[in-house]
Amino acid sequence: MRKQFCAVIALCIILFNMNLYGQGGHVEEYSPTLILPIGHTNAINTVEFSPDDQYLVTSSYDKSCKVWSAKSGVELFTMYGHSATVNTACYSNSGKYIATSSNDGTARIWSGTTARQIHTLSSHKANVRSAKFSFDDQYLVTASFDSTARVWSVA
Numbered sequence: 000m001r002k003q004f005c006a007v008i009a010l011c012i013i014l015f016n017m018n019l020y021g022q023g024g025h026v027e028e029y030s031p032t033l034i035l036p037i038g039h040t041n042a043i044n045t046v047e048f049s050p051d052d053q054y055l056v057t058s059s060y061d062k063s064c065k066v067w068s069a070k071s072g073v074e075l076f077t078m079y080g081h082s083a084t085v086n087t088a089c090y091s092n093s094g095k096y097i098a099t100s101s102n103d104g105t106a107r108i109w110s111g112t113t114a115r116q117i118h119t120l121s122s123h124k125a126n127v128r129s130a131k132f133s134f135d136d137q138y139l140v141t142a143s144f145d146s147t148a149r150v151w152s153v154a
């Protein structure tokens with residue numbers, strides 16, 4: 000019974016690998032359709048599409064976030080304000096806002112179209128690792144190394 004079970008597991012692994020890698024046993028390589036030019040002066044942490052797929056937002060170790068055209072790769076604007084690494088940047092579901100989180104202990108909310116800073120959220124006691132909008136864009140949730148997650152009203 001044990002040998003039969005092992006044989007079934009081995010067959011499943013072989014079939015899985017054939018599906019994953021194709022009959023030739025190799026992964027097909029793809030080329031990117033767009034490469035963003037060097038705009039940040041340090042490593043990029045995150046990148047995310049806008050809800051309409053027209054823009055990309057990046058966060059970086061250089062303490063900034065940038066918005067880019069997803070079609071052309073042209074840099075449209077930069078958001079400055081954090082005093083340390085920006086860990087994440089994300090669009091609200093409507094595209095009206097961008098939220099950022101940083102090692103400076105803050106999260107910030109920006110206009111998604113003008114890069115104007117709207118709010119600074121600063122009650123965390125340590126690095127803010129992530130920020131995400133609720134589905135209805137009414138709330139932002141942040142998570143921090145201070146072992147807390149906080150929910151903020153955006154409206």
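Just so it is clear: in the sequence shown, position 106 is 105 by numbering that gives the first Met the number 0, and no numbers are missing.
Using N, Cα and C, we set each Cβ at its ideal position, and we do this for glycine too.
- Across the structure, R149 and H39 are spaced so that their CA atoms are roughly 29 Å apart.
- Among the bridge pairs identified by DSSP, T119 is matched with R107.
- Considering only S129, I117, K95 and P36, the residue with the shortest C-alpha distance to S101 is S129.
- DSSP places N102 outside both helix and strand once states are collapsed to three, so it counts as coil.
- Under the three-state reduction of DSSP output, E27 falls in the coil class, being neither helix nor strand.
- For S143, the uninterrupted beta strand (DSSP E) segment begins and ends at Y138 to S143.
- With contacts defined as CB atoms closer than 7 Å, Y90 and S49 qualify as a contacting pair.
- Judged by beta-carbon spacing, T99 lies within the 7 Å limit of A88, meaning their Cβ atoms are closer than that value.
- DSSP, read as helix, strand or coil, puts T45 in strand.
- Boundaries of the beta strand (DSSP E) harbouring N86: V85 to Y90, taken from the DSSP string.
- Cβ neighbours of A125 within its own chain (closer than 7 Å, five residues either side excluded): G104, S143, F144 and D145.
- For H81, the CB contacts under 6 Å within the same chain, skipping 5 residues up- and downstream, are K62, S101 and D103 in chain order.
- By alpha-carbon distance to L139, the top candidate from I108, Q116, M78 and S122 is I108.
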